[in-house]
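Protein chains in written order, with our numbering: chain A, 1 to 137; chain B, 138 to 498. From the three backbone atoms N, C-alpha and C, an ideal C-beta is built for every residue, glycine too. Computed from a predicted model, the values in this text were never measured in an experiment.
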Amino acid sequence: MSLHNIPIKSESVEPYSIGNPRALLTEIAARLEKLAKEGVASSMDLNSLPFAPGEYDQLRVLLGDGEVNARIDAMGASEVMETRYPGVWWVTHYNVEGDIIADSIEITEIPEILKSQPADIEGGLALLQAQIHGLDA
Amino acid sequence: MADQKTVGERLAEQGVSRRAFLKFCAALATMMALPPEAGRAMAEALAQSRRPSVIWLSFQECTGCTESLTRSASPTLENMIFNMISLDYHETLQAASGYGAEKSRADAMKENYGKYLLLVDGSVALGQGGAYSTVAGRSNLDMLQEAAKGAAAVVAVGTCSSFGGIPAAQPNPTGAVPVTDIVKDKPVINVSGCPPIPVVITGVLAHYLTFGQLPALDALGRPTAFYGNSIHDRCYRRPFYDQGKFAKTFDDEGARNGWCLFELGCKGPTTHNACATTKWNGGTSFPIESGHGCLGCSEPNFWDGGSFYAPLSTPTSALSLATDAVVAGVAVGAAVSVANRMKKKHAKAGHEPATVSDLKK
Numbered sequence: 001m002s003l004h005n006i007p008i009k010s011e012s013v014e015p016y017s018i019g020n021p022r023a024l025l026t027e028i029a030a031r032l033e034k035l036a037k038e039g040v041a042s043s044m045d046l047n048s049l050p051f052a053p054g055e056y057d058q059l060r061v062l063l064g065d066g067e068v069n070a071r072i073d074a075m076g077a078s079e080v081m082e083t084r085y086p087g088v089w090w091v092t093h094y095n096v097e098g099d100i101i102a103d104s105i106e107i108t109e110i111p112e113i114l115k116s117q118p119a120d121i122e123g124g125l126a127l128l129q130a131q132i133h134g135l136d137a
Numbered sequence: 138m139a140d141q142k143t144v145g146e147r148l149a150e151q152g153v154s155r156r157a158f159l160k161f162c163a164a165l166a167t168m169m170a171l172p173p174e175a176g177r178a179m180a181e182a183l184a185q186s187r188r189p190s191v192i193w194l195s196f197q198e199c200t201g202c203t204e205s206l207t208r209s210a211s212p213t214l215e216n217m218i219f220n221m222i223s224l225d226y227h228e229t230l231q232a233a234s235g236y237g238a239e240k241s242r243a244d245a246m247k248e249n250y251g252k253y254l255l256l257v258d259g260s261v262a263l264g265q266g267g268a269y270s271t272v273a274g275r276s277n278l279d280m281l282q283e284a285a286k287g288a289a290a291v292v293a294v295g296t297c298s299s300f301g302g303i304p305a306a307q308p309n310p311t312g313a314v315p316v317t318d319i320v321k322d323k324p325v326i327n328v329s330g331c332p333p334i335p336v337v338i339t340g341v342l343a344h345y346l347t348f349g350q351l352p353a354l355d356a357l358g359r360p361t362a363f364y365g366n367s368i369h370d371r372c373y374r375r376p377f378y379d380q381g382k383f384a385k386t387f388d389d390e391g392a393r394n395g396w397c398l399f400e401l402g403c404k405g406p407t408t409h410n411a412c413a414t415t416k417w418n419g420g421t422s423f424p425i426e427s428g429h430g431c432l433g434c435s436e437p438n439f440w441d442g443g444s445f446y447a448p449l450s451t452p453t454s455a456l457s458l459a460t461d462a463v464v465a466g467v468a469v470g471a472a473v474s475v476a477n478r479m480k481k482k483h484a485k486a487g488h489e490p491a492t493v494s495d496l497k498k
């Protein structure tokens with residue numbers, strides 16, 4: 001059973017800001033500049049930031065939606081979304097129970113998790129060849 | 138036993154794709170504040186490594202540390218670690234018992250001498266020649282000394298094995314000591330907490346398996362990636378502390394507004410751990426987010442640090458007091474003692490013992 005199924009309701013707290021979204025946008029801009037000029041990719045762990053209630057959602061709104069929105073199913077879901085600023089990706093990994101295990105902003109051309117991995121490609125090739133042999137048999 | 142298959146081969150056998158493993162490693166790398174490329178490096182290194190033998194000894198403990206690591210029933214970041222190690226001895230988890238269990242431990246130690254990882258939860262009882270805590274008729278001290286001899290490194294899991302914890306709390310009837318009091322010639326990593334955060338245990342093991350060395354440690358032997366900041370540093374209520382806004386009771390307006398819990402005894406300013414960022418129960422929350430102050434469970438002597446509900450500025454018996462204060466304290470103590478004796482005397486004088494005839498009334 002997922003934690004979300006436990007019927008506990010928490011009191012809602014009025015959202016307020018302690019300045020995190022503004023500071024984060026500035027940092028993202030500095031990192032994006034580094035990617036553009038030097039090709040240096042980087043990431044920021046959102047879980048390690050002490051967001052005040054509402055600030056996380058505020059950051060999401062400020063970064064907005066871009067052209068790419070991908071969903072991966074690998075031992076739980078992963079959401080990979082390019083924000084309205086190309087090169088700035090919001091990557092969220094969930095476990096099979098639906099709990100977030102990592103939540104980060106990646107400043108890169110393409111997040112590593114979207115690429116097919118060499119070991120999987122080899123496994124896939126063997127599977128494909130077996131299927132072709134199966135059709136021929 | 139440490140088998141000949143690589144971690145990658147084992148994962149493939151279980152239908153875990155390399156991308157899924159990369160996801161696990163990327164999450165770990167992020168939590169350990171490693172650069173983004175470290176996730177991939179970690180995945181590649183771990184996939185090619187052979188699973189090392191791990192021996193887990195449990196001494197004076199409550200099994201909370203094991204519960205913390207194994208709590209989830211489905212594949213998670215935390216229990217993915219079991220794909221990366223060969224857990225050759227763990228009293229709670231192993232199927233074997235009695236002589237069979239002890240033999241598997243002895244065999245694993247012999248076969249992997251100098252290479253296995255030794256995990257210990259619980260403190261070591263030294264009182265009465267170690268008689269307070271024994272396993273298979275042997276004292277914890279004896280077992281630890283033997284197992285540590287052939288270990289590549291020792292991980293003290295939980296506050297009891299890291300610092301003595303609750304068993305070592307005053308008056309420490311069993312003479313409990315931490316692992317570092319016994320093991321002096323091997324690297325020891327303290328993963329403190331009561332219990333420790335599961336992903337911290339996983340992260341430390343993954344780091345060791347990936348890089349072949351211990352992560353950076355703080356002065357108390359804890360990995361700085363997880364214990365580098367205080368709870369207070371990373372607390373979302375910190376701005377209220379800076380503004381001087383404190384909850385005075387657990388149900389006042391300040392508490393309802395989420396103000397700082399310092400005056401209600403929160404030990405966040407002196408406690409180093411990752412609860413405020415990693416959180417608990419699948420990232421749901423941590424104690425302060427649930428409205429209760431931090432108890433300081435990942436610090437030495439947390440049980441003897443005075444009331445959990447007294448602000449940090451309140452002196453406790455664990456603090457060394459100035460001479461004047463001690464003298465004043467002795468004087469107050471003497472006065473209280475005299476007063477108590479007087480009360481006792483009055484009570485005695487006013488007391489009329491019941492008689493058999495009273496019972497018949």
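- Its Cα nearest to that of I18(A), the residue F51(A) stands out among F51(A), R31(A) and K37(A).
- Boundaries cannot be given for N438(B), as no beta strand (DSSP E) includes it and DSSP labels it neither H nor E.
- Its chain contains I326, P360 and T361 as the residues whose beta carbon lies nearer than 7 Å to that of L354(B), once the 5 sequence neighbours on both sides are disregarded; these appear in chain order.
- Taken in chain order, the unbroken stretches of beta strand (DSSP E) that lie wholly in the region 310-353 of chain B and span 3 residues or more are 325-328.
- For H369(B), the number of other beta carbons within 10 angstroms of its own is at least 16, and it is reported as buried.
- According to the DSSP assignment, S223(B) belongs to no alpha helix (DSSP H) but to the beta strand (DSSP E) extending over S223 to Y226.
- With respect to the C-alpha of D379(B), the residue from G176(B), D388(B), L398(B) and E283(B) having the closest C-alpha is L398(B).
- According to the DSSP secondary-structure assignment, C202(B) is paired through a beta bridge with no residue.
- At a cut-off of 8 Å between C-beta atoms, I18(A) counts as an interface residue with respect to chain B.
- Assignment of F423(B) by DSSP, reduced to helix, strand and coil, places it in the coil class.
- Look at L281(B) here: in three-state DSSP terms it is helix.
- Here A163(B) has G176 as same chain residues with Cβ atoms under 6 Å from its own Cβ, once five neighbours each way along the sequence are excluded.
- One finds P50 in chain A with Cβ atoms closer than 7 Å to the Cβ of C372(B), taken in chain order.
- Here the alpha carbon of D244(B) sits roughly 57 Å from the alpha carbon of E33(A).
- DSSP places Y364(B) in the uninterrupted alpha helix (DSSP H) bounded by T361 to Y364.
- Contact check between the region 28-43 of chain A and the region 80-96 of chain A: three or more CB pairs, one atom from each, fall below 8 Å, which counts as touching.
- The beta carbon of T207(B) sits no closer than 8 Å to any beta carbon of chain A.
- Rounded to the nearest whole angstrom, the C-alpha separation of G312(B) and Y16(A) is 50 Å.
- Pairing V291(B) with L127(A), the inter-Cα distance amounts to about 42 Å.
- For a Cβ distance threshold of 8 Å, nothing in chain A lies close to M179(B): the least Cβ distance comes to about 11 Å.
- Contact between the region 190-206 of chain B and the region 235-255 of chain B is established, with three or more Cβ pairs separated by less than 8 Å.
- Looking at the DSSP output, F383(B) sits in a beta bridge with C397(B).
- When the five nearest sequence neighbours on each side are left out, the beta carbons in the same chain lying within less than 6 Å of the beta carbon of N47(A) are those of D103, in order along the chain.
- For Q117(A), at least one C-beta of chain B is nearer than 8 Å to its own C-beta.
- Distance from the CA atom of A411(B) to the CA atom of C434(B), rounded to whole angstroms, is 12 Å.
- Chain B places a beta carbon closer than 8 Å to that of E97(A), counting this residue as a contact.
- A70(A): member of the beta strand (DSSP E) spanning N69 to D73, first to last residue.
- For L148(B), the closest alpha carbon among the candidates L351(B), A184(B) and M168(B) is that of A184(B).
- In the same chain as E14(A), and ignoring 5 residues on each side of it, no C-beta atom comes closer than 6 Å to its own.
- P304(B) and C297(B) do touch by the CB rule: their CB atoms are close to 6 Å apart, below 8 Å.
- For D136(A), the enclosing alpha helix (DSSP H) covers residues P118 to D136.
- For F363(B), the CB contacts under 6 Å within the same chain, skipping 5 residues up- and downstream, are V337 and A411 in chain order.
- One Cα belongs to L59(A), the other to D389(B), and the distance between them is close to 31 Å.
- Within the same chain, E82 come within 6 Å of V68(A) by CB-CB distance, once the 5 residues on both sides are set aside.
- In the structure shown, T83(A) falls within a coil segment according to DSSP collapsed to helix, strand and coil.
- Within the same chain, F158, L159 and C162 come within 6 Å of A180(B) by CB-CB distance, once the 5 residues on both sides are set aside.
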